Amino acid sequence: MTQCDGVRQVLLVDDESEVRASIAQTLELEGFEVTSLSGAAAALEQLSYAWPGIVLSDLKMPQMDGLTFLSKVMEIDAEMPFVIVSAHGDIPMAVQAMRDGAYDFLEKTAYPEQLITVVRRAMDKRALVLENRTLRREMDAQGELERRIIGKSPPMEALRNLVSSLSETDVDILIYGETGTGKELVARCLHEFGLRKAEPFVALNCGALPENTIESELFGHEAGAFTGASKRRIGRIEYAKGGTLFLDEIESMPLSLQVKLLRILQERTIERMGSNEQIPVDIRVIAASKTDLLAASREGRFRDDLYYRLNIGHVNLPPMRTRCEDLLLLFGHFVGLAAQRYKKPILQIGTSVQEQLALHSWPGNVRELRNVADRYVLGMPLFPDQTPIAETELAQPLSTRMEQFEKQTICEELRRNQGQIIQTAEALKIPRKTLYLRMQKYGLDKKEFR
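Just so it is clear: in the sequence shown, position 284 is 335 by my numbering, and no numbers are missing.
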């Protein structure tokens, strides 16, 4: 770690112009960026907790002396390197400044080499402090992501890494996933861990609104724009200004509105219905679909230009049946939440329950798993077509356990081989036909493991 890692700024404060000019020239010849000021009050306006630089300051100055200046800098950031440049007679004050938190001090008569050495050390310290803060923020964000996007399987580890990476950008994003895989959860994480987290997150389900109302919901309208429009209405896009607009089930959006949405994405302006006024909107758009939009565009059901405009950032959510390792972890998490919500005791998850969960194909994905956890806590059958199972009931027979193990093993090999059938069959030492039959039995599709 050296001062070359983004930290090269020096804020120099001294009321003597000749001293400022001499020190600034010495540092600038070494490649440092120097801002010279005659007073501490103006210097404080330049500083912040994330400022990538150090402070060099005289002690005896009018209006605000160096010790007062130091105390105010320490309030902004107690880890900001503050170097005292003092006259010989100010040594006692310089020692006091060191006790108050100053990084180091130099006499004004010091050789240039001494000045450069102290500044470089202070720069190294500042660079290390800022890097550690960045790492702590990333670790905190990753820990929070693990609490929000739950799972230890490789697909979920990859998903968290992708969400963490994309949240730091400001591109529009397209999320793919089957019903119940958590598309809105991922969209919220992209917003809440991103650059716009302090601004609104506005969600709209395009498939839940009638075609004659979705345009008004998106763009808003002026009074009198249509029958029943008695007053102005601000649309979801305008309301999301500065933040994120989440469009769920975008495949359901009428083609006529897709044209208008495309123009908004390109120009970042909207017109309310019944108005010709162009309103600028600074938004990030996250869209979600449960169908293949590229295939839909080829069939004329979705505009290909809108697909390519949205598909800058791409997130694919794995279905539950490909995450065998996460099943019990998620189920236990949902059981805890349900027990708290319904004020019920947390039940132990018996062997028979585990086996039933493992053998289910989970067409409703995580949403279905959460509902099953609710039913379990309430003492109801896990699945609607079953009879209640007593907690003391004996475990399922050996054949059922073997099916559970077989399904998990096939899932793991398919994932390890990225859905390649030949390699998976070779790894399992079974004919390809046998593998296909087993995959059909357990509702597995090779595409889901790529």
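From the three backbone atoms N, C-alpha and C, an ideal C-beta is built for every residue, glycine too. Small disclaimer: the values here were computed from a predicted structure and weren't measured.
By the DSSP assignment, the alpha helix (DSSP H) with residue i in it spans what residues?
{"i": "N256", "result": "Note, N256: premise wrong, no alpha helix (DSSP H); beta strand (DSSP E) at 252-256."}
{"i": "T402", "result": "402-410"}
{"i": "V386", "result": "378-393"}
{"i": "R421", "result": "416-428"}
{"i": "S281", "result": "From DSSP, S281 is part of no alpha helix (DSSP H); its letter is neither H nor E."}
{"i": "D355", "result": "355-361"}
{"i": "Q317", "result": "306-318"}
{"i": "A276", "result": "First-last for A276: undefined, no H or E at that position."}
{"i": "A478", "result": "472-479"}
Checking 8 Å against the spacing of the C-beta atoms, do residue i and residue j come in under that value?
{"i": "F297", "j": "I337", "result": "yes"}
{"i": "M324", "j": "S267", "result": "yes"}
{"i": "V180", "j": "D155", "result": "no"}
{"i": "L495", "j": "I472", "result": "no"}
{"i": "V146", "j": "S108", "result": "no"}
{"i": "E235", "j": "A254", "result": "yes"}
{"i": "M112", "j": "G82", "result": "no"}
{"i": "E289", "j": "G271", "result": "yes"}
{"i": "G293", "j": "D333", "result": "yes"}
{"i": "Q114", "j": "A92", "result": "yes"}
{"i": "A424", "j": "F385", "result": "yes"}
Classify residue i: buried if its beta carbon has 16 or more other beta carbons within 10 angstroms, exposed otherwise.
{"i": "M453", "result": "exposed"}
{"i": "M174", "result": "buried"}
{"i": "P435", "result": "exposed"}
{"i": "P132", "result": "buried"}
{"i": "D377", "result": "buried"}
{"i": "E318", "result": "exposed"}
{"i": "T485", "result": "exposed"}
{"i": "I224", "result": "buried"}
{"i": "Q407", "result": "buried"}
{"i": "S216", "result": "exposed"}
{"i": "T53", "result": "Caution applies to T53, whose pLDDT of 41 falls short of 50 and renders its modelled position unreliable; the value that the coordinates give is listed next. So T53 counts as exposed."}
{"i": "T232", "result": "buried"}
{"i": "I397", "result": "exposed"}
{"i": "S307", "result": "exposed"}
{"i": "R247", "result": "buried"}
{"i": "T438", "result": "Reliability of the predicted coordinates at T438 is poor, the pLDDT of 48 falling under 50, and the value obtained from them is presented with this limitation in mind. Looking at its Cβ environment, which holds fewer than 16 other Cβ atoms inside 10 Å, T438 is exposed."}
If you follow the beta strand (DSSP E) that residue i is in, where does it begin and where does it stop?
{"i": "T86", "result": "84-88"}
{"i": "A259", "result": "No beta strand (DSSP E) holds A259; DSSP gives it neither H nor E."}
{"i": "N367", "result": "364-367"}
{"i": "I224", "result": "224-227"}
{"i": "L62", "result": "60-64"}
{"i": "L298", "result": "295-299"}
Regarding residue i and the ligand FAD, is the C-beta to nearest heavy atom distance less than 7 Å?
{"i": "Y358", "result": "Ligands are entirely absent from the displayed structure, and the ligand FAD is therefore not among its contents."}
As an exercise, report each continuous alpha helix (DSSP H) stretch of at least 4 residues that is fully enclosed by the segment 130-181, in chain order.
Within the segment 130-181, the complete alpha helix (DSSP H) runs of at least 4 residues are 142-150.
| Touching by the beta-carbon criterion (3+ pairs, under 8 Å), the segment 92-105 and the segment 66-82 | When C-beta atoms of the segment 92-105 are compared with those of the segment 66-82, fewer than three pairs fall below 8 Å, so the two segments do not count as touching.
- Query: Within the chosen definition, does the segment 359-374 reach the segment 225-236 through at least 3 CB pairs nearer than 8 Å?
  - Reply: Enough Cβ pairs lie closer than 8 Å, so yes.
- Task: Let me know the beta strand (DSSP E) ranges lying completely inside the segment 73-127, each 3 residues or longer, listed in chain order.
- Result: List check, beta strand (DSSP E) in window: 84-88, 104-108.
Original post:
Pairing CB atoms from the segment 204-220 with CB atoms from the segment 258-267, are three or more of them under 8 Å?
Top reply: The segment 204-220 makes no contact with the segment 258-267: fewer than 3 CB pairs, one atom from each, lie closer than 8 Å.
**OP:** Indicate whether the contact test is met: 3 or more Cβ pairs, each with one atom in the segment 352-365 and one in the segment 387-405, closer than 8 Å.
**Re:** No: fewer than three Cβ pairs fall under 8 Å.
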